[in-house]
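Chains as they are written, first to last, in my numbering: chain X, 215 to 609; chain L, 81 to 480.
The beta carbon of each residue, even a glycine, is placed where N, CA and C say it ideally should be.
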Amino acid sequence: MAAKAKHVFSLKILAECSTTKARTCLFTLPHSVVETPVFMPVGTQGTLKGLLLDQLDELDCRIMLGNTYHLGHRPGPELLEEAGGLHKFMGWKRSLLTDSGGFQMVSLLKLAEITEDGVQFESPHDGSIMMLTPEKSIEIQNAIGADIMMQLDDVVHSTTTGPRVEEAMHRTIRWLDRCLKANKRPKEQCIFPIVQGGLDSQLRKQCAIELTKRDVAGFAVGGLSGGEEKSLFWKMVTLSTDHLPYEKPRYLMGVGFAVDLVVCVALGCDMFDCVYPTRTARFGSALVDTGLLNLKNKNFSEDFQPIDKNCQCSTCKSYTRAYLHTMVTNETVACSLVTVHNVAYQLRLMKRIRESILEDKFPKFIQTFFTTMFPNKNYPEWAIEALKSVNVNLR
Amino acid sequence: MMKFVLKNVKNGYRAGVISELGNQPDKTVDTPFCMLYTRGGSAPHLSRDVLNRLKNLPLVAHMPLNILADHHEAVRKFQHGIGKFAAMEDRVVYCSLHDPSTLVKSGYNDKHGVSVWGKGGKLKLDTELFMKIQESFQPDIYQALSDGDTDINSTRKRCIKVVDRTLSFLDSILDIHNKSERLKKTAIFGSIVGGYNEAERVRCVKETVSRPVQGFVIEGFFNPGPDTEHFQINECVNLLQKIIEILPVDKPRLMQSIWPPDAVIQAYELGIDIFDSSYPYVVTERSSALVFTYIIPTEETEGEELPETYEINLTDKKYFADFSPLLKDCKCYTCENYTRSYVNHLLNTKELLASILLMIHNFHHYFEFFESLRRSISDGKLEDLKKLINKPKKLPSVER
Ligand SMILES: [Zn+2]
Ligand SMILES: [Zn+2]
């Protein structure tokens with residue numbers, strides 16, 4: 215392997231939890247210093263659902279996601295390059311992360327077929343056969359210019375079993391090497407490998423160990439949160455973090471429900487993303503510590519409190535649930551208002567987690583969080599088990 | 081109670097100041113002005129947080145009743161009025177009967193009341209319900225219930241009927257209003273109706289003027305709705321002149337649905353003081369940005385090229401790789417932070433942010449136009465402004 219190069223991508227561990235595997239770190243990227251554990255909102259098409267750049271700044275959002283599949287199609291890599299990258303195109307000064315495009319291709323396009331070369335697919339626009347190779351994915355991601363790029367991985371559904379899982383794991387490693395080689399801007403953009411291996415502990419462990427041999431800035435844990443049993447999900451997460459280097463950030467892809475975030479931080483994950491908080495906002499659902507408020511519900515028509523009285527977001531400062539109730543199904547402004555709150559909620563949840571780790575009070579935070587979310591103590595079985603594995607016994 | 085004072089303008093043009101408004105007694109508004117158009121109590125697409133990034137917001141928020149009326153029970157329980165309910169408590173609230181951009185269907189009014197069209201369909205307002213809503217909403221100004229359902233084709237019989245009804249509504253409303261504790265600080269604008277029948281218009285004005293109203297709303301030349309954009313004031317200019325001649329000079333006159341800047345100036349010259357701002361919303365909804373020039377050239381800028389149309393349509397593929405702002409030198413948040421290319425992308429991908437960015441620009445542009453109108457009046461340069469405004473064509477052709 216190549217000698218470890220000094221790059222701008224560095225992780226400084228500020229504090230670690232003395233009970234669980236949680237830690238809080240500063241992750242330095244070319245466009246911002248990200249405090250972890252972090253939730254990264256998803257701005258699929260180069261915009262976060264109805265939010266202005268200043269609003270994101272004011273929420274102290276320091277990193278967000280773009281989707282390579284969507285951006286590669288519209289506006290396309292040529293225009294993004296001409297604009298000077300996605301940062302300039304959308305006016306965003308802080309960090310960005312892009313996925314490889316592979317996952318969306320496999321999940322959105324029926325005819326995607328995976329060969330050693332790459333992902334072959336029928337263009338949804340003109341029906342022609344096209345190919346997304348590891349090199350092509352990085353080429354597009356280089357044009358987008360995100361601080362963190364994802365390697366193209368061989369995606370199998372999380373419930374798939376048998377030799378296909380092993381094949382995908384090995385191919386993912388081969389593709390990583392092709393991606394690393396194809397990266398034209400290694401100083402400005404790093405690549406995260408993705409730990410695959412389905413729900414097979416042996417394969418996951420093998421994959422993590424193999425990926426660790428490459429000089430990379432951080433690692434992603436992939437192939438999970440696709441509808442598998444939660445009892446298997448958390449075991450794969452904790453196994454992955456056990457075998458990944460301690461001094462590098464771990465990004466758990468596609469996870470963003472509050473309960474999952476709290477548990478997976480305890481299992482040692484640092485970075486998360488999910489479309490859920492922004493998607494659910496569109497349907498008038500607001501995130502709170504007790505779960506979800508569906509503002510469409512008639513119960514709110516004469517409820518003159520803010521969504522969450524402890525929330526400092528601009529929505530909670532000015533608007534009542536009753537007013538939002540009159541707007542949610544009618545006017546787009548309601549979508550922006552609830553999105554602001556939901557993003558604020560996710561970011562504040564992570565902030566509370568980080569502060570509790572800094573004070574070494576994270577286990578206490580977990581207990582309070584679960585008591586609020588499940589006042590009848592009907593905690594999910596998998597969460598009890600997962601937390602027990604890191605020495606937290608829910609009462 | 082609301083006060084209106086005409087300023088002594090040397091150039092013979094009408095300019096005034098409205099003050100002592102109900103919930104904002106310390107603030108004043110200069111006429112002519114446009115109100116801030118709202119839907120359901122919020123600026124279209126813009127939350128309070130975003131709206132407050134505009135530097136030139138009108139003080140008066142325009143809240144059409146049709147969408148809000150459904151929620152009057154909740155507002156009554158809330159107790160602090162519609163302004164605070166909609167997070168607009170720092171503005172003056174004017175409640176009109178109809179939304180200028182929503183089509184009002186003809187033939188649904190009778191002597192008991194008037195129909196408005198909200199999200200849930202038709203809502204019939206009689207004077208009792210209408211006043212119950214006003215007492216819940218506690219606006220600073222409201223338009224009296226009226227039957228403005230007339231156009232150029234209305235018969236004389238119809239014109240008589242709408243005047244009879246509107247005057248009878250006004251009497252019932254004044255009755256309730258004057259006894260209401262909650263509406264003590266609220267002003268009423270009487271509605272001037274009567275279609276294209278001069279005798280009926282004159283009767284309506286004379287009767288309304290004799291009642292204690294603080295201003296006038298002139299309506300009934302066309303059905304409110306998106307088509308009003310193409311309404312030509314010339315069709316009713318003589319009648320409008322006649323109406324305004326017999327209205328008292330010391331009370332403000334409001335006319336909705338006077339949209340493009342040339343129509344605004346024409347109506348202003350006839351004597352209208354207050355306008356609505358649903359035009360920038362309508363322009364936003366067709367993915368366009370206003371670009372007409374309202375800045376009177378100085379010696380340095382003389383000879384600079386004028387835009388060919390009032391607006392440009394950002395879905396046009398010619399903006400795909402255009403990294404300039406929507407409008408050169410525009411000081412709005414959108415133009416200072418984003419490009420035509422990016423807005424084109426947001427429109428192509430049907431992203432919500434497109435409407436937000438266009439709305440910010442179009443509001444900013446329209447509000448600045450009104451600022452320029454007031455300035456040109458006080459500087460005696462209205463003729464120069466008119467020349468600029470009358471030059472461009474209205475709509476661009478678009479290639480997608
Ligand atoms: Zn909030
Ligand atoms: Zn602008």
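Excluding residues up to 5 positions away in sequence, 448, 597, 600, 601 lie with their Cβ nearer than 7 Å to the Cβ of residue 477 (chain X) in the same chain. Its chain contains 138, 140, 141, 142, 174, 354, 355, 356, 357 as the residues whose beta carbon lies nearer than 8 Å to that of residue 115 (chain L), once the 5 sequence neighbours on both sides are disregarded; these appear in chain order. In the three-state DSSP reduction, residue 391 (chain X) falls in the helix class (H, G or I).
A distance below 8 Å separates the beta carbons of residue 369 (chain X) and residue 437 (chain X). Beta-bridge analysis with DSSP links residue 587 (chain X) to no other residue.
Listed as beta-bridge partners of residue 230 (chain X) by DSSP are X:237. Shortest gap from the CB of residue 414 (chain L) to any heavy atom of ligand 2: under 7 Å. Here DSSP, grouped into helix, strand and coil, assigns residue 307 (chain L) to helix. By the neighbour-count definition (other C-beta atoms within 10 Å, threshold 16), residue 235 (chain X) is a buried residue. Annotated three-state conformation of residue 133 (chain L) is coil, per DSSP. In the three-state DSSP reduction, residue 537 (chain X) falls in the helix class (H, G or I). Judged by DSSP secondary structure, residue 288 (chain L) falls within the alpha helix (DSSP H) whose first and last residues are 278-289. Rounded to whole angstroms, the Cβ separation of residue 403 (chain X) and residue 359 (chain X) is 7 Å, and the two are in contact under 8 Å. A check of alpha carbon separations from residue 134 (chain L) across L:460, L:438, L:480 identifies L:438 as the nearest. Using beta-carbon distances, residue 201 (chain L) does not count as an interface residue toward chain X, since no partner is under 8 Å. Counting of Cβ neighbours within 10 angstroms places residue 470 (chain L) among the exposed residues, the total staying below 16. If you check the C-beta of residue 558 (chain X) against ligand 1, you find a heavy atom less than 7 Å away. Residue-level contact check: residue 300 (chain L) does not touch chain X, since none of the beta carbons of chain X fall below 8 Å from its beta carbon. Of all alpha-carbon atoms in X:323, X:349, X:339, the one lying nearest the alpha-carbon of residue 331 (chain X) is that of X:349. Taking 8 Å as the CB threshold, residue 533 (chain X) lines the interface with chain L. If you draw a straight line from the Cα of residue 603 (chain X) to the Cα of residue 378 (chain X), it comes to about 30 Å.
The alpha-carbon of residue 444 (chain L) is positioned some 14 Å away from that of residue 405 (chain L). Around the beta carbon of residue 304 (chain L), a 10 Å sphere encloses 16 or more other beta carbons of the protein chains shown; the residue is thus reported as buried. Taking C-beta atoms as the reference points, residue 217 (chain L) and residue 155 (chain L) count as a pair closer than 8 Å.
Remark: C-beta atoms of residue 145 (chain L) and residue 177 (chain L) approach each other more closely than 8 Å. Judged by pairs of C-beta atoms under 8 Å, the stretch 407-422 of chain L does not touch the stretch 86-101 of chain L, as fewer than three such pairs exist.
Across the set X:555, X:472, X:550, the C-alpha of X:550 shows the shortest separation from the C-alpha of residue 433 (chain L).
Ligand 1 approaches residue 529 (chain X) closely enough that one of its heavy atoms is under 7 Å from the residue's Cβ. When C-beta distances to chain X are compared with 8 Å, the residues of the stretch 106-124 of chain L below that value are 119, 120, 121, 122, 123, 124, in chain order. Secondary structure within the stretch 301-362 of chain L: the alpha helix (DSSP H) runs of 4 or more consecutive residues, fully enclosed, are 317-326, 341-350 (chain order). A residue is called buried when at least 16 other Cβ atoms come within 10 angstroms of its Cβ; residue 513 (chain X) does not meet this threshold and is exposed. Counted as a single uninterrupted DSSP element, the beta strand (DSSP E) harbouring residue 296 (chain L) occupies residues 295-298. For residue 595 (chain X), not one C-beta of chain L is nearer than 8 Å to its own C-beta. For residue 392 (chain X), the CB contacts under 7 Å within the same chain, skipping 5 residues up- and downstream, are 348, 349 in chain order.
Note that the stretch 455-463 of chain X touches the stretch 407-423 of chain X; at least 3 beta-carbon pairs, one per stretch, sit closer than 8 Å. Distances taken from the Cβ of residue 525 (chain X) to the heavy atoms of ligand 1 include one shorter than 7 Å.
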